[in-house]
Amino acid sequence: MIKISYADTTYVLNPPNFEGLPAILREKYDRGEYTEIPDLPHPSLPSDWEGLLNRLLSGDLYELFKSITNAAFSNPTVLVARNDIYGAISNPKISDRLGALRAGLDMLENSGFELTEQHKTLWNQAVDELNFPDEVKL
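Just so we're aligned: 87 in our numbering is position 69 of the sequence shown, and the numbers increase by one with no gaps anywhere.
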């Protein structure tokens, strides 16, 4: 039996029964990357999700988001990663937003999408300034 927490849902599975498990988590399990995903720790001060969304849509992270969106047209994995990242940032109904954001970032990094050093630096600065934990840095 394995326990996997992802995007506000905990899956308790008895391999080989993976019914209902998101495909990206099944792929990671198949590659042996984990048998259990721990929840990300929450920072002592609340993260500024609205500030991150504003930077992504019209601020210093806009060029990164535009690059990801353009790449998503030709790469379905980038499309899913983009949707996961945007969904985690913009949807306050997701209880484990940090976990969902980290999953989207992991998928983006593993999709073949090339993040420039400038994009990584801007993202990491935003993470620091808006009080997000290091777990969501690139």
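Where is the CB? At the ideal position from N, CA and C, for every residue including glycine. Every value quoted in this text rests on a predicted model; they were computed, and no experiment measured them.
Coil, strand or helix - residue i by DSSP
| i | result |
| --- | --- |
| residue 95 | helix |
| residue 139 | helix |
| residue 72 | helix |
| residue 144 | helix |
| residue 129 | coil |
| residue 123 | helix |
Proximity to residue i [Cα-Cα], best of the options
| i | options | result |
| --- | --- | --- |
| residue 70 | 114, 49, 127, 147 | 147 |
| residue 64 | 80, 73, 88, 110 | 110 |
| residue 45 | 139, 124, 156, 153 | 124 |
| residue 72 | 145, 154, 91 | 145 |
Integer-rounded CB distance, given that residue j should sit under 8 Å from residue i
| i | j | result |
| --- | --- | --- |
| residue 99 | residue 122 | 5 Å |
| residue 48 | residue 149 | Not a contact, Cβ separation roughly 35 Å. |
| residue 140 | residue 82 | 7 Å |
Three CB pairs or more closer than 8 Å across the region 134–142 and the region 91–111:
The answer is no - the region 91–111 does not touch the region 134–142, with fewer than three Cβ pairs under 8 Å.
Pair every Cβ in the region 112–132 with every Cβ in the region 90–98, then say whether three or more of these pairs are closer than 8 Å.
Taking a cut-off of 8 Å for Cβ pairs, the region 112–132 and the region 90–98 touch, as three or more such pairs fall below it.
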